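Below you'll find the structure, written out as structure tokens, and then a few comments.
There are 2 protein chains.
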Amino acid sequence: MNLKELSELLGLSPTTVSRALNGYPEVNVDTKRRVEAAAAEHGYAPNTMARRLATGRTMGIGHVVPLGEHDMINPIFAEFIAGAGEAYSKAGYNMILSVVPKEKELDTYRAMAASQNVDGVIVHAPLVNDPRMKCLVDLGLPFIVHGRSHSEGEAPYCWLDIRNKDAFFHATERLTGLGHKRIALLNGLPSMMFARRRLEGFEGAMEAAGLKVDPALIRGADMTEPFGYEAASALLAKVDRPTAFLCSSLTVALGVNRAVSEIGLQLGRDISLITHDDAMSFLPNGGSMPMFASTKSSVREAGYRAAEMLIDLIEGRVMGPVTELWDVPFLDGASLGPAPRE
Amino acid sequence: MNLKELSELLGLSPTTVSRALNGYPEVNVDTKRRVEAAAAEHGYAPNTMARRLATGRTMGIGHVVPLGEHDMINPIFAEFIAGAGEAYSKAGYNMILSVVPKEKELDTYRAMAASQNVDGVIVHAPLVNDPRMKCLVDLGLPFIVHGRSHSEGEAPYCWLDIRNKDAFFHATERLTGLGHKRIALLNGLPSMMFARRRLEGFEGAMEAAGLKVDPALIRGADMTEPFGYEAASALLAKVDRPTAFLCSSLTVALGVNRAVSEIGLQLGRDISLITHDDAMSFLPNGGSMPMFASTKSSVREAGYRAAEMLIDLIEGRVMGPVTELWDVPFLDGASLGPAPRE
DNA sequence: TGCGTGTTTCAAACCGCTTTGAATTTTGAG
DNA sequence: CTCAAAATTCAAAGCGGTTTGAAACACGCA
């Protein structure tokens, strides 16, 4: 059933039927009802592609997932997607996911712009020096970044980020306040901007506390459980082992916990730990006294909000480079305790 | 730059330019080269929506993610998506993700069929009695299920599944072979078909070993780390505590490990554990002696293959209800040991 | 009754591509 | 050379909607 058939059935012109269904005011209210009834009865829905061609709006938003052969698909990404997806559904947009080899990411954006199959894109996991933003600005494709990169002299763009630096500054402060002096940082990959900023926060707080940063206590990698386990095992085997850990992800914290308990120690009593918590639904860290003290920020909510912002941008409700920077609350947990006496 | 402009620029008709770019044989080879050069130079790419409208092929495959307010987004889903996405890219398809409230899933399929914005869909996480397959068969929308449901008298459809029952039968057998008699099963949600089949495998092997199944040792829930921790903590506190655990997910196994080490026991020595391992990239369980003994099957590869199968179906390379059932290898690990003497 | 005004409907153009069927040019055998 | 066959190219008709500008109709008032 297409528009033409439906209109013939009703003895109306396609124009009127189209308008009736799209809620234009110049249609007689009786006619409108009649059309709607007929559409419902015959299960008519306008052909998506025809409508998109006619309106010039694709109603699609692209997410590019770069993936190498043995690469890791980030659960954080999945959570973000869930949030964004909700916002898209609500606004009638489609999420278009492109899984492409890392080195083809820019080409994918170029192809998207040339063939006009998305109205905008969301950029994930910005790097310290990230070429994607300039590329997208040049292409004129509306986009928003989850995080930010801010190289010098960069054209401004839209982003949504959390206060990574502040969060880790305060978390570190908390640990030094408890008397910890040797603090290990198990961070994300150093090429990631968020990891860079968390490192800055950590270093700043150490300096402010008059402590010096030991590079041997800083590790950066994909944030997996085994990474946390192995890094912590190695560090805890040292003579002057750290008394506290700062982790960039709950998964890593779980690995640390495994390493700690394996040698008969206990988090909160012997070793302290604060982790960033992305509030992943499959890794809850809640209750009245959560297992881990944390700096917490919901990635899912970030996805939802980023999608909203992008849609506002696409539909012209806001102009120019809008940005949002979220505070990150600190939450107490059982993994925190005073530094042991030397 | 659109087709008309490009053809005027070249002094050719749109017909010829279109054919040249789409590799039709009736175009002079010189002309073809000239057209391709001009297209590359001006960065021309055909408008996606116009092409789709003209061809009647949307080149899109839908994935519906049902999500309640406080629902969990499955990391397994993310991994599957990554695999499917690779296959789509390779074949020129787009993945369209719809995040919708659970109760609207069927409506979403109906809308997809009516408005023709996907060529097919992939169904995730089939339930024991799942209404989605019948709905899709009725709609005439090509689809493939990751897993299967097989209610009685159901119309046949395409699916890709692993031998869940066999896998858990053999895993259980392994444990009983080591002398374990009280085995706990920490499964997925009972409404899920895969959990049902794993349970059947477990029960079958227990019976075969002449052991009786204790319902108190069987739990089913969303497969999170805290679920594993809490369930194991509770079970281990019993007088006749289990000596072995069978888990449906590595996340759950991590929780069990936490519970076990918290009370001063050790996996492999005091308590045995076998888990199913979906081979998630962010939760590796490898090396020469993996931490957990496991039944292992890559969800990512399943995603890749399911996508391939669906595309074959859509493009008419295969007909009728095709199915694939994968064997699940058993892998040894450090979490396995003989049952302690009574 | 006649006419201006506001309401409702419609025919036709358009979105940018593919594809059919016909027209044109080339080629090659006679 | 001639002419049928083969190789190229093209004009025009879709695909299924939206949107513009004009036509038809109804209403109220002089």
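Order-wise, the sequence lines are chains A and B. Under our numbering, think of the first position of the first sequence as 1, with each following residue one higher. Under our numbering, think of the first position of the second sequence as 1, with each following residue one higher. Virtual Cβ for every residue (Gly too), placed ideally from N, Cα, C. This structure is a prediction, so every number in the text was calculated from the model and none was measured.
Going by C-alpha to C-alpha distance, which of B:R110, B:F80, B:G62 sits closest to B:N94? B:G62
B:S298 versus B:N129, B:G255, B:H146, B:E103, residue with shortest Cα-Cα distance: B:H146
Whether or not the stretch 319-326 of chain B and the stretch 261-270 of chain A are in contact is what I'm after, with contact meaning three or more pairs of Cβ atoms, one per stretch, closer than 8 Å; do they touch? no
Does the stretch 185-197 of chain A come within contact of the stretch 238-250 of chain A, defined as at least 3 CB pairs closer than 8 Å? yes
Is the stretch 70-82 of chain B in contact with the stretch 64-79 of chain A, if contact means three or more CB pairs nearer than 8 Å? yes
How close, in whole Å, do the beta carbons of A:T58 and A:R52 come, if the pair is a contact with beta carbons under 8 Å? 5 Å
Give a yes or no on whether 8 Å exceeds the smallest Cβ distance from B:A111 to chain A. yes
What is the DSSP secondary structure of B:H150, reduced to helix, strand or coil? coil
Identified DSSP bridge partners for B:P66: B:V100
In angstroms, rounded to a whole number, what distance separates the CA positions of A:L176 and A:E200? At residue 176 of chain A the sequence reads Thr, which differs from the Leu that was named. A:T176 and A:E200: Cα-Cα distance of roughly 16 Å.
Could you tell me which residues DSSP puts in a beta bridge with B:H276? B:T295
Which runs of the beta strand (DSSP E), 3 residues or longer, sit entirely within the stretch 107-168 of chain B? 120-123, 143-146, 158-162
Continuous beta strand (DSSP E) stretch holding A:N187: start and end: 183-187
State the Cα-Cα distance for the pair B:V118 and B:L141, rounded to the nearest angstrom. 9 Å
Counting only C-beta atoms, is B:M289 closer than 8 Å to chain A at any point? no
Quick check on this structure: which residue in B:R198, B:V239, B:R197, B:N257 has the alpha carbon closest to the alpha carbon of B:P226? B:N257
Through-space distance from B:P75 to B:Y229, alpha-carbon basis: 19 Å
DSSP state of B:M289, grouped into three classes? coil
So, with DSSP's three-state summary, where would you put B:F282? coil
So is A:F282 in contact with chain B if we call contact Cβ pairs under 8 Å? yes
Ignoring anything shorter than 3 residues or poking outside the stretch 9-71 of chain A, list the beta strand (DSSP E) runs there in chain order. 60-66
With a threshold of 7 Å on Cβ separation, who are the neighbours of B:D327 within its own chain once the five nearest residues in sequence on each side are excluded? R163
Please tell me whether B:Q116 and A:N22 are closer than 8 Å, where the distance is taken between their beta carbons. no
Would you grab the beta carbon distance between A:T275 and A:L250 for me? Rounded to a whole angstrom, and I think it's under 8 Å. 6 Å
Proximal residues to B:G255 (C-beta, below 8 Å), its chain only, five neighbours per side dropped: T224, E225, P226, F227, G228, Y229, E230, A231, A232
Closest Cβ-Cβ distance between A:F292 and chain B: below 8 Å? no
Since I believe B:G333 is in contact with B:P290 (beta carbons under 8 Å), could you give me their beta-carbon distance rounded to a whole number of angstroms? 4 Å
From the beta carbon of A:M49, is the nearest beta carbon of chain B less than 8 Å away? yes
Under the three-state DSSP convention, the category B:T251 falls into: helix
Would A:K165 and A:R197 be called neighbours here (beta carbons separated by less than 8 Å)? yes
Can you tell which of B:S18, B:A293, B:A45, B:A20 has its C-alpha closest to the C-alpha of B:R174? B:A293
On the premise that B:I96 lies in contact with B:G60, defined as a C-beta separation below 8 Å, what is that separation, rounded to the nearest angstrom? 5 Å
Identity of the residue in B:P126, B:L9, B:I144, B:A339 nearest B:I311 by Cα: B:I144
Applying the 10 Å Cβ sphere with the 16-neighbour rule, what's the burial state of B:H42? exposed
Residue interval of the beta strand (DSSP E) (run including B:I421): Here chain B has residues from 1 to 342 only, and residue 421 of chain B is not among them.
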